[in-house]
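This report concerns only the one structure given below.
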DNA sequence: CTCCGGATTCGT
DNA sequence: CGAATCCGGAGT
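Residue numbers (the numbering used here): 7 to 193.
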């Protein structure tokens, strides 16, 4: 049925707003006909080429082209020779902004740890094959959990592992997580 | 072409 | 705190 799937317009908004609104939403990946579902509990916003912590700060390259593309697509990158990390592309084409998915709370058919950007990709079956995937498709998307939802309190912190970006960008409060959630990578 | 370092994770 | 492990991006 695909009900409750977030529309393109959800992603085509201010990146900080999208990041916070993603908290509590369900990430869904259909693998071999089985729906894996995780509740998004921690994210980070990367604001575009002017954000020195963002990959797009290096300009349009083969790797970052998805970030420069239209909103509502998945940007997946390979890091440290062994890990995959996934982002949701936000705002208009050319803006090169995205939201890094840092932790999930397992909801359905999720095996293994999900409290870290590379761990969640492994558990959800996300790797380079999903780079550029349209989140309005049938196999990989984000949807509202539906039913009664308890309000979440959002904690704002500096992003993790971006000290190379300089004081200004390293100190910005662009990491968001659900207060008290036990699946957050680093409370 | 070579070289450097990383939006991480795990073990010591 | 350091190793693992390899590709993207920058420089020659």
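All C-beta atoms, glycine included, are put in the ideal place defined by N, C-alpha and C.
Query, Result
"Taking Cβ positions, are residue 185 and residue 113 nearer each other than 8 Å?", "no"
"Just the Cα atoms here: how many angstroms apart are residue 87 and residue 188?", "28 Å"
"By how many angstroms is the C-alpha of residue 59 removed from the C-alpha of residue 168?", "6 Å"
"I need the boundaries of the beta strand (DSSP E) containing residue 96, first residue and last residue.", "89-96"
"Counting along the chain, where does the alpha helix (DSSP H) carrying residue 218 start and finish?", "Residue 218 cannot be examined here, being either before or after the span of the chain that is shown, 7 to 193."
"Give the straight-line distance between the Cα atoms of residue 78 and residue 124, rounded to the nearest whole angstrom.", "20 Å"
"Quick one: Cα of residue 130 to Cα of residue 104, how far?", "19 Å"
"Residues bridged to residue 44 by DSSP?", "33, 112"
"Please name the residue, chosen from 120, 16, 69, that lies closest to residue 109 on a Cα-to-Cα basis.", "120"
"Please classify residue 62: is it buried, with 16 or more other beta-carbons within 10 angstroms of its beta-carbon, or exposed?", "buried"
"Can you tell me whether residue 106 is buried or exposed, with buried defined as 16 or more other CB within 10 angstroms of its CB?", "buried"
"Along the chain, where does the beta strand (DSSP E) containing residue 83 start, and where does it finish?", "80-85"
"Can you tell me whether residue 11 is helix, strand or coil according to DSSP?", "strand"
"Leaving out five residues on either side along the sequence, give the residues of the same chain with a beta carbon under 6 Å from the beta carbon of residue 4.", "Absent from the structure is residue 4, since the part of the chain shown begins at 7 and ends at 193."
"Please report the Cβ distance between residue 148 and residue 9, rounded to the nearest whole angstrom; I am assuming they are in contact, meaning their Cβ atoms lie under 8 Å.", "Incorrect: roughly 13 Å between the Cβ atoms, too far for contact."
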